[in-house]
Structures are given as C-alpha cells and as structure tokens.
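Q: The structure's right below; bear with me while I get my questions together.
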Amino acid sequence: MTNNTETQTICGLRREDFQTTLNGKKTDLFILRNSKGNEVAITNYGGAIVAIMVPDKNGVRANVIQGHDNIQDVINSPEPYLSTLIGRYGNRICKGRFQLHGKEYQLPINNGPNSLHGGKKGFNAKVWDALQMNDQTLVLKYVSPYGEEGFSGEVRVTVIYQFNNDNELNIEYMATTNKKTIINLTNHGFFSLAGIANPTPTIDDIECQINADYYLPIDTTSIPTGEIRLVKDTPFDFRTAKPLGQDIDSDNEQIKIGHGYDHCYVLNKKEEGELSFAAKIKDPKSGRTMEVFTTEPGVQLYTDNWADGYKGQNGATFPRRSAVCFECQHFPDTPNHPYFPSVVLNPGQEYRQRTFYRFGVEK
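In my numbering, the protein residues as written are 1 to 363.
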C-alpha cells in the first residue's frame, strides 16, 4: 500500500490518526490534490471520504463533507454509513428477502423489518486494499466472499476515486461475480456546502435542483410501494431549484413517513446508462455549488433526518439536517419489483457505474 501524501494537509487531518490494523489489514489516510491546491481525504476503511476542501466565493476553503478525524471514530460512528462506500446492495430490501434463479435468499435485518445498505457489516465496514496511483487517483479493491451477509457469489469490486483539476470528484465502480447475484453500489456522502462547523449549519437554505419528473413513494417501512409517481404539484418537485427547507416539513404523507426527504428519484435519461446531470445544490451564503452526474437510473435524496449533533472531524458537530446526501444507485428493493431496472449480475458480465461530484462557486 503506497501513499505519497506529505504529513501537511489543508484539511488538518493526520495520516497517523487513521492508521491501525483490523483483522490483519492496515487502515490509512490518502490525500488527493489537484492543481488548484484543493484536496480530498479518504480512508480505506469503508472508503470513507473524510474531507473535501474547496473554496467559497471569497476563495476561503472549507471541508464540505461530514466525517471523522481518526480511525476509531470512523469505525464507531453513530452514523455507520457516514460518507462511505455502500454495498453489496445500497438502500433497502423488503424484509431482507428476494428470489434469484428460483431460490429464496434471506439477508440480515438491520433497519426496521428490512435489510439496509448490504446488511449488518456491509462494504462501509470493510478494510479495502488501497493503492494511490498518483496525486489525484486512489484505487480501492475488495473481494466479497461467497455468502457474505447472505448474498450469493464471490464478488470482486474495484472503486476508483479521482479528484481532477476541474474540482470534480469522480467515483468509478467495477465488479464481477463467479455466480449469479445482485449488486447495487453507491457512495453515501453527507455534504455540507456551508462547511462543517460547531454546529454545522442546517441545509434548509441550500438551493436544490433534481433532474427527475418522477419519484418512488414508500410505505411506512420506507420500501417502495411499486408506484412511480410524478413530482409535479408535490413537495418532491425539484425540477427547478428551491430551498431544501421549503417543503421539508410539509403536511404530506410521504414527507411524514421519511421524516423529511428519504426517497429515490427516477432520473430523466435519454438512454439507459448514459452519464447525465442528476442534481445540483448551491449554498447561497458561501456561493459554493455541487453538481452530481451519474450513469445510474436513480438518486436517493436523504436530508440527514436522524442526526443528533454527534461529533465529527476537527471539533465539528452534526445536528439533524446539517447534511444532504445524493446516493446515485439503482432503485431500492429492485429484486422484488420486476419492472425496475435490473440489479442482477451474471458471471462473465461486468458491473460498471460512474458518478461524479463537481464543486464550483457562483457569486
């Protein structure tokens, strides 16, 4: 494992604070830097992004992603998915059950009556093999053994993080299997464009746009009902930008079930798998913007509805609704909805997806 970072970082995180050995595998901190002097910090424990340092309209850099400042806090976080990689299956599967090649599979139940984000110990809680290729590229690999968390097949996963000179954080995912299985990978970045602080400001004023005419309504356990519903004339309409807080507590059954937004949007696509615009947010105070592009058919909008002010990196605290997540993915509970885009991966096929987050400034 190589890491060409100097000890000096602008995010204030220290490599040695992320170094330990878990089950014989070493954890570490990796710093990606671009020509503009901005940086992204990632640990190979769960692929967690612990810093994204980008400037505001006055050129002042701040960390715009929630994370921790040492490996023990990452491992024991009150939010186990905090800005981590998610797999084998991002989002929920109803009662943890699905059929594949005529056989029923049962996954661990870890979210009400359902299975969430790959089970009790998903990809967010694994030490990935890491190789930093250059100043801007980190390659993470993980082999998920046959039967892990109840899934079939041995799955080999590669995730490439690249932070380029256009302030784009690219995440590319590849996976193969030796037996028919299901897969739905994503990254659960908790973004705070105002910059993390004590306390980190609420996202209420963040202006949000989502390129989707439809979303997936959920039942009381947050499983899609199967309906694909128009966003028009609902609190879920972000086709033109509006503040996240505008309708977040509206008198709407779906909002009440999610305690805010925790819903999958059906992205407008010209063709399946095209890399296209998914969402954009802007912090009116700092002028920072973030655009999301993805090859995935859906994006889960989550407005951090359960945080309680726990402690994050460098003395920051994370109150309820101090972050927004855009989890680019296939739809929740797809194996139980035959008309949703398939999540089946067969031997000889390669799972591929690409998502990138572009950071900018608008005065």
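Using N, Cα and C, we set each Cβ at its ideal position, and we do this for glycine too.
1. What number of angstroms, rounded off, separates the C-alpha of I210 from the C-alpha of I203?
2. Which residues mark the beginning and the end of the beta strand (DSSP E) in which G49 is found?
3. Check the DSSP bridge columns for Q132 and list the partner residues they point to.
4. Kindly indicate which three-state DSSP category I228 falls into: helix, strand or coil?
5. Can you give the Cα-Cα distance for H259 and W306, rounded to whole angstroms?
6. Which runs of the beta strand (DSSP E) fall wholly inside the segment 51 to 116 and span at least 3 residues, in chain order?
7. Look up G360 in the DSSP assignment and say whether it is helix, strand or coil.
8. Go through its chain and collect everything with a Cβ distance to E6's Cβ below 6 angstroms, but skip five positions before and after it.
9. Looking at the structure shown, is F190 part of a helix, part of a strand, or coil, going by DSSP?
10. Within its chain, find whatever has a CB closer than 8 angstroms to the CB of I109; leave out the 5 residues flanking it on each side and keep chain order.
11. To which residues does DSSP link Y45 through a beta bridge?
12. Where does T21 land, buried or exposed, given buried means 16+ other C-beta within 10 angstroms?
13. Thinking C-beta only, is P332 closer than 9 angstroms to I206?
14. Among Y339, F18, N34, which one has its Cα closest to the Cα of D135?
15. Assuming Y302 and V266 form a contact by the criterion Cβ under 8 angstroms, report the distance between their Cβ atoms to the nearest whole angstrom.
16. Check the C-beta distance from Y105 over to S152 and give it rounded, since I have them as a contact under 8 angstroms.
17. Looking at the unbroken beta strand (DSSP E) that takes in I160, where does it start and where does it end?
18. Going by DSSP, name the residue or residues bridged to K365.
19. Under the assumption that I182 contacts P335 (Cβ atoms under 8 angstroms), give the Cβ distance between them as a whole number of angstroms.
20. Distance check for I31 and I10, CA to CA, integer angstroms please.
21. Touching or not, the segment 343 to 355 and the segment 233 to 242, by the rule of three or more beta carbon pairs under 8 angstroms?
A: So, from the data block:
1. 16 angstroms
2. Before going further, note that residue 49 is Ile rather than Gly in the sequence given. Note, I49: beta strand (DSSP E), 49 to 55.
3. L138
4. coil
5. 8 angstroms
6. 61 to 63, 97 to 100, 103 to 106
7. strand
8. Any reading at E6 is ruled out, since the residue's pLDDT is 49, under 50, leaving its predicted position unreliable.
9. coil
10. K95, G96, S115
11. V127
12. exposed
13. no
14. N34
15. Rounded, the Cβ-Cβ distance is 16 angstroms, inconsistent with contact.
16. 7 angstroms
17. 155 to 163
18. Within the shown structure, residues of the chain are numbered from 1 to 363, placing residue 365 beyond reach of any answer.
19. 6 angstroms
20. 10 angstroms
21. no
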